[in-house]
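With our numbering applied, the sequence shown covers 193 to 784. Beta carbons: idealized from backbone N, C-alpha and C, even for Gly. Structure, as structure tokens:
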Amino acid sequence: MRKSNLSVRNKTIVKNEKKLNLYESQALKTLQRRFQVLVQDSHEVFEIINSDGTIQYISPAVQKILGYQPEERIGKLAYGLLEPTEKYKFIQMMDVVFNHPNQVVQEEIKIKTKTGQEITLACDMRNELSEPSVQGVILNWRVSSSHCSREDSSNASETIDELTRLPNRAAFESLLDQQMAEAKKGQILALMIVDIDRFKYINSYLGYEHGDQLLAQISQRLRLVLTDKVFLCRFSGDQYALMVTQGNKRDDYTYLAEEILRLFDSPFIVNDHKLDVSVSLGISIYPHDAQDSETLIKFAYTALLRGKTAGKKRCQCYSADVDHKNCREFLLRSDMQKALAEGQFVVHYQPMVNLHTNEVLAVEALLRWEHPICGMVSPAEFIPIMEETGFIVDVGKWLVEEVCRCHRQWKKEGLPPLKVSINCSSVQFAEESFVESIQAILHKMGFDPRHLIIEITESVLIENAKKVISDLQKLQEIGIMVAVDDFGTGFSSLSYLLTFNIDIIKIDGSFIQNIPTNKTSTIITHSVVNLARELNIKLVAEGIESLEQLSYLKRFKCHTGQGYLYSKPIPQHKLIEVIANKKCEPKKTQRF
């Protein structure tokens with residue numbers, strides 16, 4: 193009897209469960225049908241995408257608004273129909289919702305229909321990746337009433353940087369002007385210029401293709417700080433700019449600058465090269481520092497330059513004190529490219545003389561900058577800037593060509609074909625095709641390599657010994673002589689003579705200037721002269737300024753020297769007179 197009751201009870205439970213399941217199934221179908229009717233008849237497009245932007249679901253309304261059937265879009269990238277500028281906006285939205293799952297991001301996006309017509313849609317985006325029933329990002333597209341009929345005649349390709357896919361400087365400056373104009377009373381915004389420390393050096397060392405790969409990776413890291421309040425662009429070759437509108441006082445922005453600096457704590461890997469990269473930042477604030485975008489940008493640059501003079505990986509905010517100290521440097525940096533195009537760089541020459549016969553044996557070519565505002569700028573002032581920015585590579589190539597032109601002029605006038613010495617920095621030597629570039633210029637200009645001397649410093653020898661040894665050998669194989677400048681000032685000067693095949697050493701002028709007043713300098717100079725003679729290496733004494741110094745050098749049997757006692761660096765037309773005379777006599781009266 194108990195088994196019979198239990199059996200009836202079980203049958204009743206099963207029957208009820210079937211009814212419940214049937215009811216739930218019918219309810220679910222009703223809900224699904226209602227949902228289908230809602231999305232089918234809606235003038236808004238609902239979309240679910242996964243984390244890489246691929247469309248998982250799109251509502252039928254896409255056919256009414258864009259002309260595509262849902263199956264034509266499912267499995268495609270959600271931003272596949274967008275032009276570069278709009279694609280960047282969309283990716284920025286994704287970055288925000290990934291970093292802030294509870295935040296709904298809204299943006300207006302221009303998109304082309306299947307027929308090619310451009311329309312503007314308002315897009316809401318929400319992160320539901322953690323929701324088991326969705327596991328995606330939900331988008332809601334609808335026609336934007338404020339932009340339905342507006343036409344945009346600008347070409348998107350003109351506002352996007354092709355390499356990094358970030359907005360370019362033109363787009364950034366346009367947005368900056370707009371944000372400054374729309375800023376409410378009491379609202380401030382920050383402009384940050386991010387500069388990659390010594391990028392030109394890396395670019396020259398690895399080659400431009402690897403440099404581009406590094407820039408692409410840097411751009412991806414910088415995207416990590418993007419929010420709806422932070423706008424990023426590629427400002428120039430190795431510089432980025434950010435506009436930030438999320439603070440009310442200067443200190444509100446320093447944390448973001450520190451976050452950007454920390455992004456570069458870990459190295460970059462480019463084709464098996466492990467690269468430790470750092471950046472420096474300059475910040476200016478609207479309206480505290482400037483009331484127009486041009487001045488705001490200038491002040492951010494000024495702050496950046498001041499920070500870089502204090503060392504790498506630094507953040508510097510603008511102040512009037514910064515402006516005063518860096519105005520000249522800012523001017524030189526900004527005018528450098530124009531200076532080369534407009535012929536502001538010139539070459540002066542200083543004779544190298546046989547100290548016993550006064551015969552001119554060679555000349556050293558020295559770069560000078562005749563700036564229209566600053567006047568004649570000292571190489572000690574502009575060469576470090578050129579090396580830091582990498583601009584020294586372009587100017588160095590121009591210098592070689594200019595020397596070739598001058599040498600050709602001497603030959604036309606029947607003058608003796610003197611050797612010419614050119615200084616090359618470590619940045620130039622780091623260039624992957626340094627020797628090939630020199631050879632190409634000499635071949636183009638018809639210049640005999642045997643008339644060229646390349647001067648290098650200690651920094652060249654210590655930074656990449658393996659490459660330097662190879663490059664020096666290549667230079668010497670085609671007849672170019674190699675000289676080490678400022679010999680004696682480094683800690684390892686003597687070891688260079690063992691490691692590197694050097695043709696000429698130029699003893700630093702600091703030793704010569706202290707002859708005979710400083711006993712140590714006198715002894716060192718005498719020893720280096722004897723050492724060079726024993727090793728059969730040519731020696732040049734630099735910085736000879738007095739007859740007494742000359743007397744000691746002759747006594748030491750030093751063969752060659754240069755300095756103001758004979759001639760200061762002079763322009764081409766004056767040098768021709770010296771070469772024509774074949775001799776350069778020391779001055780009897782020394783006025784410097």
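*By the 10 Å Cβ neighbour count, where 16 or more other Cβ atoms means buried, how is F574 classified, buried or exposed?*
Position 382 of the sequence shown, counting from 1, holds the residue named residue 574. The Cβ neighbour count for F574, taken over all protein chains shown within 10 Å, is at least 16; the residue is labelled buried.
*Can you give me the Cβ contacts of E320 inside the same chain, cut-off strictly under 7 Å, excluding the 5 residues immediately before and after it?*
For the purposes of this step, residue 320 is taken as the residue at position 128 of the sequence shown. Excluding the 5 residues flanking it on each side, E320 has same chain C-beta neighbours closer than 7 Å at V326, G328, V329, I330, in chain order.
*At which residues does the beta strand (DSSP E) containing A675 begin and terminate?*
As a position in the sequence shown, residue 675 is number 483, starting the count at 1. Here the beta strand (DSSP E) through A675 covers 673-679.
_Same chain, Cβ closer than 8 Å to L496, neighbours up to 5 away in sequence not counted_ = What you label residue 496 is simply residue 304 of the sequence shown in a count that begins at 1. Cβ within range, chain order: I385, D387, S472, L473, G474, Q508.
*Should R525 and I577 be called a contact, given that it needs their Cβ atoms to be closer than 8 Å?*
As a working mapping, residue 525 is identified with position 333 in the sequence shown. As a working mapping, residue 577 is identified with position 385 in the sequence shown. Yes, the Cβ-Cβ distance between R525 and I577 is below 8 Å.
*asked:* Give me, in chain order, the residues of the same chain whose beta-carbon lies closer than 8 Å to that of R342; leave out the 5 immediate sequence neighbours on both sides.
replied: Residue numbering aside, residue 342 sits at position 150 when the sequence shown is read from its first letter. Bear in mind that a pLDDT of 39 at R342, under 50, signals an unreliable position, so the number given afterwards is only what the model happens to contain. Excluding residues within five positions, the ones whose Cβ falls inside 8 Å are T312.
_What would DSSP say about R357, mapped onto helix, strand or coil?_
For this step, residue 357 is matched to residue 165 along the sequence shown. R357: coil per DSSP, three-state reduction.
*Is the CB-CB distance between F427 and F364 below 8 Å?*
In the sequence shown, the residue the question calls residue 427 occupies position 235. In the sequence shown, the residue the question calls residue 364 occupies position 172. Taking 8 Å as the Cβ cut-off, F427 and F364 qualify as a contacting pair.
*Leaving out five residues on either side along the sequence, give the residues of the same chain with a beta carbon under 8 Å from the beta carbon of N510.*
Taking the sequence shown and counting its residues from 1, the one referred to as residue 510 is at position 318. Residue 510 is actually Tyr in this sequence, not Asn. The residues are G474, I475, S476, I477, D481, F491, A492, T494, A495.
*Enclosing alpha helix (DSSP H) for F621 [first to last residue]*: For the purposes of this step, residue 621 is identified with residue 429 of the sequence shown, where counting begins at 1. Segment 618-621, the alpha helix (DSSP H) holding F621.
*Out of curiosity, what's the CA-to-CA distance linking N395 and D464?*
Here residue 395 is taken as the residue at index 203 of the sequence shown, counted from 1. Here residue 464 is taken as the residue at index 272 of the sequence shown, counted from 1. Answer to the nearest angstrom: the Cα atoms are 15 Å apart.
*Is the beta carbon of F785 less than 8 Å from the beta carbon of I661?*
This structure leaves residue 785 out entirely; the chain is present only between 193 and 784.
*Compare the beta carbon distance of V545 and Q754 with 8 Å and say whether it is the shorter of the two.*
Numbered from its first residue, the sequence shown carries residue 545 at position 353. Numbered from its first residue, the sequence shown carries residue 754 at position 562. Their beta carbons are under 8 Å apart, which means V545 touches Q754 by this criterion.
*Considering only C-alpha positions, which residue in the set L731, A382, V585 is nearest to Q483?*
Residue mapping note: residue 483 aligns to position 291 of the sequence shown, counting from 1. Residue A382 is the option with its Cα nearest to Q483.
*If you draw a straight line from the C-alpha of I729 to the C-alpha of K604, how long is it?*
Translated into the one-based positions of the sequence shown, residue 729 becomes position 537. Translated into the one-based positions of the sequence shown, residue 604 becomes position 412. If I take the Cα positions, the gap works out to 32 Å.
*Using DSSP with H/G/I as helix, E/B as strand and the rest coil, what is L223?*
Taking the first residue of the sequence shown as position 1, residue 223 is located at position 31. Confidence at L223 is low in this model, with a pLDDT of 43, below 50, so the placement of that residue is unreliable and no value is reported for it.
*Quick one: measure Cβ to Cβ for L742 and L547, integer angstroms, because I've assumed they're closer than 8 Å.*
By 1-based counting over the sequence shown, the position of residue 742 is 550. By 1-based counting over the sequence shown, the position of residue 547 is 355. Rounded, the Cβ-Cβ distance is 7 Å, consistent with contact.
_Alpha carbon of L532 to alpha carbon of D586, nearest angstrom_ = Within the sequence shown, residue 532 is the residue found at index 340, counting from 1. Within the sequence shown, residue 586 is the residue found at index 394, counting from 1. Distance between the alpha carbons of L532 and D586: 9 Å.
*Thinking C-alpha only, which one of E521, W590, R390, L453 is nearest R506?*
Taking the first residue of the sequence shown as position 1, residue 506 is located at position 314. Closest by alpha carbon: L453.
*Which of helix, strand or coil DSSP assigns to H480*: The residue you call residue 480 lines up with position 288 of the sequence shown. It is coil, neither helix nor strand.
*With distances taken from CA atoms, which of S702, M285, I696 is nearest Q300?*
Reading the sequence shown from its first residue, position 108 is the one you call residue 300. The question names Gln, but residue 300 is Glu in the sequence shown. Measuring from the Cα of E300, the nearest candidate turns out to be M285.
_Measuring straight from C-alpha to C-alpha, what distance separates G267 and I247?_
In the sequence shown, counting from the first residue as 1, residue 267 sits at position 75. In the sequence shown, counting from the first residue as 1, residue 247 sits at position 55. Distance between the alpha carbons of G267 and I247: 5 Å.
*Under three-state DSSP, which class holds A724?*
For the purposes of this step, residue 724 is taken as residue 532 along the sequence shown, with counting starting at 1. Of the three classes helix, strand and coil, the one that applies to A724 here is helix, per DSSP.
_Per-residue burial, H643 [other beta carbons within 10 Å of its own, 16 or more giving buried]_ = Counted from its first residue, the sequence shown places residue 643 at position 451. With 16 or more neighbouring CB atoms inside 10 Å of its own CB, H643 falls in the buried class.
_Opening and closing residue of the alpha helix (DSSP H) in which G535 lies_ = To locate residue 535, count along the sequence shown from 1; it is residue 343. G535 -> no alpha helix (DSSP H), and no H or E assigned at all.
*asked:* What would DSSP say about S337, mapped onto helix, strand or coil?
replied: Position 145 of the sequence shown, counting from 1, holds the residue named residue 337. Residue placement at S337 is flagged as unreliable, the pLDDT there being 49, under the threshold of 50; the coordinate-derived value follows with that caveat. When secondary structure is reduced to three states using DSSP, S337 falls in the coil class, being assigned neither helix nor strand.
_Rounded Cβ spacing between M673 and D700 (contact assumed at less than 8 Å)_ = Taking the first residue of the sequence shown as 1, we reach residue 673 at position 481. Taking the first residue of the sequence shown as 1, we reach residue 700 at position 508. The pair is not a contact, with the Cβ atoms about 19 Å apart (cut-off 8 Å).
*Go through its chain and collect everything with a Cβ distance to V721's Cβ below 7 Å, but skip five positions before and after it.*
Residue numbering aside, residue 721 sits at position 529 when the sequence shown is read from its first letter. Result list for V721: L731, F748, K749, C750, in chain order.
*Since K730 sits in a beta bridge, which residues does DSSP pair it with?*
Translated into positions along the sequence shown, residue 730 becomes position 538. Answer is I696, bridged to K730.
*asked:* Along the chain, where does the beta strand (DSSP E) containing Q248 start, and where does it finish?
replied: For this step, residue 248 is matched to residue 56 along the sequence shown. Counting along the chain, the beta strand (DSSP E) containing Q248 begins and ends at 247-250.
_Where the alpha helix (DSSP H) through Q284 begins and ends_ = Taking the first residue of the sequence shown as 1, we reach residue 284 at position 92. 276-291 is the span of the alpha helix (DSSP H), which, as asked, contains Q284.
*asked:* Can you tell me whether H599 is buried or exposed? The criterion is at least 16 other CB atoms within 10 Å of its CB, across all chains shown.
replied: Taking the first residue of the sequence shown as position 1, residue 599 is located at position 407. Result: buried.
*Member of Q255, E486, F290, V237 whose CA lies at the smallest distance from the CA of L334*: For the purposes of this step, residue 334 is taken as residue 142 along the sequence shown, with counting starting at 1. Reading off the sequence shown, one finds Arg at residue 334, where the question assumed Leu. Closest option to R334, Cα to Cα, is V237.
_Alpha carbons only, please: which of K376, E323, K775 is nearest the one belonging to I240?_
Counting from one through the sequence shown, the residue named residue 240 turns up at place 48. Per the Cα distances, E323.
_Quick check on the DSSP output: the beta strand (DSSP E) that includes K306 runs from which residue to which?_
In the sequence shown, the residue the question calls residue 306 occupies position 114. In the DSSP assignment, K306 falls outside any beta strand (DSSP E), carrying neither H nor E.
*Nearest CA to the CA of K611: which residue from W602, D444, P459?*
The sequence position of residue 611 within the sequence shown is 419, counting from 1. When the alpha-carbon of K611 is set against those of W602, D444, P459, the nearest one is in W602.
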